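Asker: Residue numbers (my numbering): 648 to 825.
Okay, here's the structure, questions in a sec.
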Amino acid sequence: MKIAVYCASSVAVAPENLALGFDLGAQIAKLGHELVWGGGAISVMGEVAKGARHHGGKTIGVIPERLMNIEFIDHDSTELHVVSDMRARKGMIEQLADCFIALPGGIGTLEELFEIWVGRYLGFHLKPIAVLDPNSVYSTLRIALDDLTDKNFMKPGQHELVAWCSSIDEALAHVTKI
């Protein structure tokens, strides 16, 4: 199974986020799955790939040409796809992956999470989605989403399309139960 991971590329994140990325990548590989990710070699993005490769896993990176220097392209990728822009990146990751896990991250990670979530809701795909957030980084986001639901901006059933998980095992169990 090919598991897409959306995660941070900021080098300023706390060390526990780097460890979470490495550990998730390691567990993906240990279970015999392949990693699909943004193709960067820095921050959490780099750690998830290192974790997978450290345990013999295959890593499939997708990076826009314009970001090759910003995100420091991961030349150790098993496969690396260089695409024209962010839309092409997101489309290729969606096409390649069987499921999705979002780790804590910034606006890029959130954009990817929300786009894949909306696609699931609208029926463009039926692939499972999990948010892995053991340190409650997204706790205020969840409150905001609950508030949007209470005010009828989110429709019934939308919340249930994403599993909010506090452990790697829980997230992987959710997305691999196809």
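Cβ atoms here follow ideal geometry from the backbone N, Cα and C, with glycine treated the same way.
All values derive from a computational prediction rather than experimental measurement.
Determine the closest residue to A676 out of R700, A659, L665, with distance taken between C-alpha atoms.
Answerer: For this step, residue 676 is matched to residue 29 along the sequence shown. Of the listed residues, the one whose Cα sits closest to A676 is R700.
Asker: Where does I720 fall in DSSP's three states?
Answerer: Mapped onto the sequence shown, residue 720 falls at position 73. Strand.
Asker: Touch check for the stretch 659-672 and the stretch 696-712: three-plus C-beta pairs under 8 Å?
Answerer: Counting Cβ pairs under 8 Å, three or more are found: they touch.
Asker: Out of curiosity, what's the CA-to-CA distance linking D691 and K802?
Answerer: On the sequence shown, residue 691 is found 44 positions in, with the first residue counted as 1. On the sequence shown, residue 802 is found 155 positions in, with the first residue counted as 1. The question names Asp, yet the displayed sequence has Val at residue 691. Rounded to whole angstroms, V691 to K802 spans 32 Å at the Cα level.
Asker: Measure from the alpha carbon of A655 to the alpha carbon of each residue in D723, E741, E759, L743, then state which is nearest.
Answerer: The residue labelled residue 655 in the question sits at position 8 within the sequence shown. Ranking D723, E741, E759, L743 by Cα distance to A655 puts E759 first.
Asker: Where does L682 sit, in a helix, a strand or coil, going by DSSP?
Answerer: Numbered from its first residue, the sequence shown carries residue 682 at position 35. Here L682 sits in strand by DSSP.
Asker: Should the stretch 713-726 be called in touch with the stretch 764-773, which here means at least 3 C-beta pairs below 8 Å?
Answerer: Touching, no.
Asker: Looking only at C-alpha atoms, which of A735, G703, L665, K649 sits nearest to N782?
Answerer: The residue given as residue 782 occupies position 135 in the sequence shown. Nearest of A735, G703, L665, K649 to N782, Cα basis: L665.
Asker: Can you tell which of D816, E817, L757 has its C-alpha closest to the C-alpha of R789?
Answerer: For this step, residue 789 is matched to residue 142 along the sequence shown. Residue L757 is the option with its Cα nearest to R789.
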